[in-house]
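Undergrad:
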Amino acid sequence: MKNQKMRFAIAATAMCATFCLPITANAQRHSGRNPISREKWEIHRFVDSAERDSNTFRHTYETRFEKNIHRHEELTKSIQSMDEAFERLRGEADDRHPWAGKEELRDVIQEAKEVNRLMSGRFNDRYNFKDQWSTVRSDINGLARIYGLSGISRK
Numbered sequence: 000m001k002n003q004k005m006r007f008a009i010a011a012t013a014m015c016a017t018f019c020l021p022i023t024a025n026a027q028r029h030s031g032r033n034p035i036s037r038e039k040w041e042i043h044r045f046v047d048s049a050e051r052d053s054n055t056f057r058h059t060y061e062t063r064f065e066k067n068i069h070r071h072e073e074l075t076k077s078i079q080s081m082d083e084a085f086e087r088l089r090g091e092a093d094d095r096h097p098w099a100g101k102e103e104l105r106d107v108i109q110e111a112k113e114v115n116r117l118m119s120g121r122f123n124d125r126y127n128f129k130d131q132w133s134t135v136r137s138d139i140n141g142l143a144r145i146y147g148l149s150g151i152s153r154k
């Protein structure tokens with residue numbers, strides 16, 4: 000009788016290990032520990048939002064500041080390059096293929112770092128221009144986190 004109980008306990012443990020552990024491991028893998036799951040990969044929504052904010056920033060710059068600041072040509076060129084990089088990112092990013100567009104995002108980040116450098120200490124907040132740039136920078140940093148890249152510092 001003791002042997003029969005022991006065999007039953009061993010069989011029950013083996014069955015539990017066979018069926019329960021893979022289910023638990025699968026649940027842990029999809030519990031949000033991965034930065035992005037395929038079901039939640041909606042990169043186009045993030046890219047579109049960031050590009051919209053970038054276009055607003057560019058429009059404000061062109062209509063209110065472009066002619067009134069020192070070295071405006073350099074900043075104009077950097078903003079234009081950043082917008083072009085966003086266009087390439089939008090064309091390459093794919094909701095069905097995570098990490099598509101990663102190289103294009105690197106280009107956006109590189110151009111945004113230059114804009115960030117040129118923006119530091121130049122503008123007052125009369126037209127909320129710094130706030131608009133902060134929003135664009137935040138969007139780019141959010142995309143960088145999704146793709147596992149380093150973003151733009153606040154300096």
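Just so we're aligned, residue 0 is where the sequence shown starts under our numbering, counting upward by one.
Glycine included, C-beta positions come from ideal geometry on N, C-alpha and C.
#1: Can the beta-carbon of Ile151 be found closer than 8 Å to that of Ala111?
#2: Please determine, among Arg89, Tyr60, Thr59, Asp82, the residue with the shortest C-alpha to C-alpha distance to Val46.
#3: CA-CA distance, Gly100 and Arg51?
#4: Provide the residue span of the alpha helix (DSSP H) that contains Asn127, from first to last.
#5: Could you tell me which whole alpha helix (DSSP H) segments of length 4 or greater appear in the segment 43-96?
#6: If you drop the 5 nearest sequence neighbours on each side, which residues of the same chain put their C-beta closer than 7 Å to that of Ala84?
#7: Pick helix, strand or coil for Ile108, following the three-state DSSP scheme.
#8: Would DSSP call Ser119 helix, strand or coil?
#9: Quick one: what does DSSP say Asp147 is sitting in, helix, strand or coil?
#10: Verify whether the separation of the beta carbon atoms of Glu113 and Ser149 is less than 8 Å.
TA: Quick answer:
#1: yes
#2: Arg89
#3: 18 Å
#4: Where Asn127 is concerned, there is no enclosing alpha helix (DSSP H), given that its DSSP letter is neither H nor E.
#5: 71-91
#6: Glu103, Asp106, Val107, Glu110
#7: helix
#8: coil
#9: The sequence as given places Gly at residue 147; Asp does not occur at that position. In this structure, Gly147 counts as coil in the three-state DSSP scheme.
#10: no
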